[in-house]
Each structure stands twice: as C-alpha cells, then as structure tokens.
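Working notes, beginning with the structure itself.
Protein chains in written order, with the numbering used here: chain A, 181 to 294; chain B, -1 to 114.
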C-alpha cells in the first residue's frame, strides 16, 4: 500500500563518503520533492522535479545533487557528507504541484554521518 | 519573506481540551495554507487546508481560522485526544514564477502532547 517508498530507512555513512538515498512512487505523480528535516525543525526544501524539469533551491548546498531517471524514481546524492548533513531526508510527491494538491510523503531516510 | 513562523514550539493539553497552534507569514504571494501532521518515524501527512479567501474551515474536530489582513492562521483541535499527540506543521504554498506548480514552505512545527 505504501505509495512513496524511501530506502533505506536508516543510513550511516562516514564523513566525506558519498551516499545516495532513493525514493520511488507508485502514484505516477509529476512532481517529486526532496526535503531535509533536522531534529525539531521544519522540513526544508532542497529541490524538486516537475517531470524532468529540475528546480534547485537557492540555498541548497552544491554538495547535494539529485537525479530523476524516470517518473517513478528519484535519487538524492550527497557527494561529501559533513556532520551537519545528518538529518531526516523526506521525499514527497504531488500530482501536479498545484496549490490544492496534497503532498504525499515517504517515511524518510534518517542519515547519520560518523 | 519566505518564512512561516509557528508557535508554540510545544504544547501540552489534557484529554478533551482545545489545542491551538498559531502561524504567521509575510509573503502575500502565498495562496494556500495546509496543515500537516507528523507521527514519530513517519513523513508528514496532510490534515486540513484552507484558501486565503475563506476565513474558517472545519473538518471534524479540526478547524483552521484564517485572518488575511493580519497574515495569520491557526489550527484548533477540539476535544483533543491522546491519539492526536504528534508534531503539527503549518505550511504555505507559493507558485514558482510563471508556472502552474510551486512549493510549500513549512513552519517550525509544534509538538503536541495530549495527556489522558
């Protein structure tokens, strides 16, 4: 039944070691989002795809990249994780990205950086 | 300009009481205001939402009050239950310029605890 699936649920990486988080959706939604959520803070939008159109937030560090090879999958690549990148990473989808479309979130990947 | 400020950070309510969470924004381009509920270990899920041309929206025990002139909106949970214990985020939607799609900006979140 899960509609937005994130793997893995927990990810541990070493300082500076590249890591990839994955997200898949069964909803056939056009828009996919990546949010970073640190403890007791609001989810912060990193970037989003409208179909294949990539939109980067101005304050997203260059260390963060994303790929969307097809409608169903989206990946978040962290090239050189720092301690400050430890957070919950949430993937979300929206059918059209319009204002009245609700976002469907995955359960997130909790990233730890040692 | 893009921020949504939410208060309080945490809230403790007795079962049956009313929980009230407040949000304020500056950007007048925001044009849709949802509330999301997040349980531990889960992603946020849409709870209720309101358009800026409406002053109040009610769904069951949940009500949003919206004051456009003050740029404030609030969530009221009537007859609060222990199962309502979660983190609540207000949010505001803005269109990406010149497009039909956009993005949500979230408030900082309120951790609600309802004691039995």
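By construction, the Cβ of each residue, glycine as well, lies at the ideal position given by its N, Cα and C atoms.
Does any C-beta atom of chain B lie closer than 8 Å to the C-beta of residue 225 of chain A?
-> yes
Grouping DSSP H, G and I as helix and E and B as strand, with all else coil, what is residue 81 of chain B?
-> helix
Minimum Cβ-Cβ distance from residue 280 of chain A to chain B less than 8 Å = yes
Among all the DSSP beta bridges, which residues are the ones paired with residue 225 of chain A?
-> A:215
Residue 114 of chain B at chain A interface by Cβ criterion, 8 Å = no
Residue 64 of chain B: buried (16+ other C-beta within 10 angstroms of its C-beta) or exposed?
-> buried
Could you check the C-alpha separation between residue 40 of chain B and residue 236 of chain A for me, to the nearest Å?
-> 25 Å
Chain A beta carbons: is any one of them nearer than 8 Å to that of residue 40 of chain B?
-> yes
CB contact check: residue 222 of chain A to chain B, cutoff 8 Å = yes
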